[in-house]
Structures are given as C-alpha cells and as structure tokens.
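Quick note on numbering: the numbering used here labels position 180 of the sequence shown as 248, and the sequence is numbered without any gaps.
Don't be surprised by glycine CBs; every beta carbon is placed ideally from N, CA and C.
Heads up: the structure comes next, in structure tokens.
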Amino acid sequence: MNKVLQFLSKPILKIPLIFGAATGLLAFLYFLALYLLDIMPLGNKRTLDFGIYLITMSIACWYYRKNIGHGLLHLWEALTICYVIMMTASFITGWLIYFFVSYADTTILPAYIREMERLLTDGKADLVKSIQEPAFLQLVAEVRNTKPEDLITDEISKKAIISVIPILVISLIFRKQNNGIFEKS
Numbered sequence: 069m070n071k072v073l074q075f076l077s078k079p080i081l082k083i084p085l086i087f088g089a090a091t092g093l094l095a096f097l098y099f100l101a102l103y104l105l106d107i108m109p110l111g112n113k114r115t116l117d118f119g120i121y122l123i124t125m126s127i128a129c130w131y132y133r134k135n136i137g138h139g140l141l142h143l144w145e146a147l148t149i150c151y152v153i154m155m156t157a158s159f160i161t162g163w164l165i166y167f168f169v170s171y172a173d174t175t176i177l178p179a180y181i182r183e184m185e186r187l188l189t190d191g192k193a194d195l196v197k198s199i200q201e202p203a204f205l206q207l208v209a210e211v212r213n214t215k216p217e218d219l220i221t222d223e224i225s226k227k228a229i230i231s232v233i234p235i236l237v238i239s240l241i242f243r244k245q246n247n248g249i250f251e252k253s
C-alpha cells in the first residue's frame, strides 16, 4: 500500500487527480443545477459540463508548467495531466449521478428513457432509412433497458470520445520545451 501511495504522490499524478476530483464535483454540481432548474439533467443540456473539463485541464497544465516544470512542460506530461483529469472527473461524475438517480430521485431515469423513446419514435422514418428497421428496433430496446449503472460507463465513454481533440489542443498550447527546435518563443 505504501508503494501505491508513493506512486500517487508524484506530481504528474497527484495534481491531475486533485484537479480531476474537483472537476468531477463541479460537473455533478452542474447536473444538480439542471435538476433544480427543472431541466432534464441526463439530456443534451448536460453536455455543456465539458466546458468545466476544458477549463480545469487548462488550469492544471498551466499550474504544472509554472510550479513543477519551472516553465517547461513536455507534450507527454500535458497529455497525461489532461487524460488523468478526464478519467478521474468522469468516473466521479458518473458514480455521483448513479447514486443520485438510484437513491435521491428515482424518477429521473424513467423520465429520460421516455423522452429518448419519444425522440426515437418521432424520428423513426429518418432513422430507418439510414440504419434499417432491425437496427432501429435494437436501439429502442437498448434505450428501454437502460439501467442506472449504465450511466457510469456512458459518462466515461462519452467524455473519452469527445475529449480526444480538445486534450491534444490544450496539450499543444501549454507545452513548452527547451530543446531548440521545439522551443516556443
């Protein structure tokens, strides 16, 4: 256990884990704000929480470069920082949402499923043209079978997919090396 704690105390992991935990809590607070404003917190409106991820990733890279790297930040360090933040935050957010829809308000998930089914049936004609009837029926069945625990993996996988390009951009913006050819003026 000591070796694990020693490993996690390295700044390349400790800093993004702290920022990731904060990001996860902030993203969950955004979820709660949507809920309190009577906006479906599991819908597309919640996608805007990714802005919180981008801001904290940028701040973490800046902080690491300034305080740990003494003005230098390699691309691999920035990528590591951003991916650890994204994974930690999405894991925490996913679990908090799971606990909320499982114990605090159990009506959210069924309402979301009904809304998704309505959207699918409203757009059935267009969907059937592009994905065929059997795939459409499978999609409807998957939506109907959504369980609270599916929200955890959904959160992690969606954030992983949508964060690839932004993480690369943030990493390239904040990297600063001192080896001549890559040195930023």
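Residues of its chain near residue i, where Cβ-Cβ distance is below 7 Å and the 5 sequence neighbours each way are ignored
i, result
"Leu102", "Pro109, Lys113, Arg114"
"Ser253", "Any reading at Ser253 must be qualified, since the residue scores a pLDDT of 46, below 50, and its modelled position is unreliable; the value itself is stated next. Contacts found: none."
"Ile230", "Phe118"
"Ile120", "Thr91, Leu94, Ala95, Tyr98"
"Trp163", "Ile220"
"Tyr171", "none"
"Lys71", "none"
Length of the line joining the Cα atoms of residue i and residue j
i, j, result
"Thr91", "Ser126", "12 Å"
"Val24", "Ala193", "Outside the displayed range of the chain (69 to 253) lies residue 24, so it cannot be described from this structure."
"Ile224", "Val152", "12 Å"
"Lys244", "Thr124", "19 Å"
"Gln74", "Pro234", "30 Å"
"Lys78", "Lys197", "53 Å"
"Met154", "Arg133", "18 Å"
"Lys227", "Ser158", "7 Å"
"Leu207", "Ala89", "33 Å"
"Ala179", "Phe168", "14 Å"
"His142", "Phe87", "19 Å"
"Asp293", "Met184", "Since the first and last residues shown for the chain are 69 and 253, residue 293 lies out of range."
"Gly139", "Leu97", "33 Å"
"Ile199", "Glu210", "15 Å"
"Glu201", "Lys215", "24 Å"
"Asn246", "Ile136", "15 Å"
"Ile80", "Leu205", "46 Å"
"Leu105", "Glu217", "24 Å"
"Leu116", "Met69", "38 Å"
Endpoints, alpha helix (DSSP H) assigned at residue i
i, result
"Glu217", "Careful: Glu217 lies outside any alpha helix (DSSP H) and carries neither H nor E."
"Asp194", "192-199"
"Leu105", "Taken as a continuous stretch (DSSP letters only), Leu105 belongs to no alpha helix (DSSP H), as it is neither H nor E."
"Asn70", "70-76"
"Ser239", "232-242"
Rounded distance between the beta-carbons of residue j and residue i, thought under 8 Å
i, j, result
"Ile241", "Arg212", "Not really, about 43 Å apart at Cβ, beyond 8 Å."
"Ala128", "Ile149", "5 Å"
"Leu93", "Ile160", "7 Å"
"Tyr166", "Leu236", "So it is not a contact: roughly 29 Å between Cβ atoms."
"Leu188", "Leu195", "7 Å"
8 Å Cβ shell around residue i - same chain, five flanking residues per side excluded
i, result
"Ile238", "Leu122, Met125, Ser126, Cys129, Ala146, Cys150"
"Leu254", "In this structure the chain extends from 69 to 253, so residue 254 is not present and cannot be described."
"Asp173", "Tyr103"
Minimum Cβ-Cβ distance from residue i to chain D less than 8 Å
i, result
"Ser239", "This model lacks chain D altogether, as it is built from one protein chain only."
Heavy atom of the ligand GTP within 7 Å of residue i beta-carbon
i, result
"Leu177", "In the structure shown, the ligand GTP is absent, as is every other ligand, since no ligand is present at all."
Contact set for residue i: own chain, Cβ-Cβ below 6 Å, skip 5 residues either direction
i, result
"Arg186", "none"
Q | alpha helix (DSSP H) runs contained entirely in the stretch 111-183, provided each spans 4 or more residues | A | Listed in chain order, they are 118-131, 143-167.
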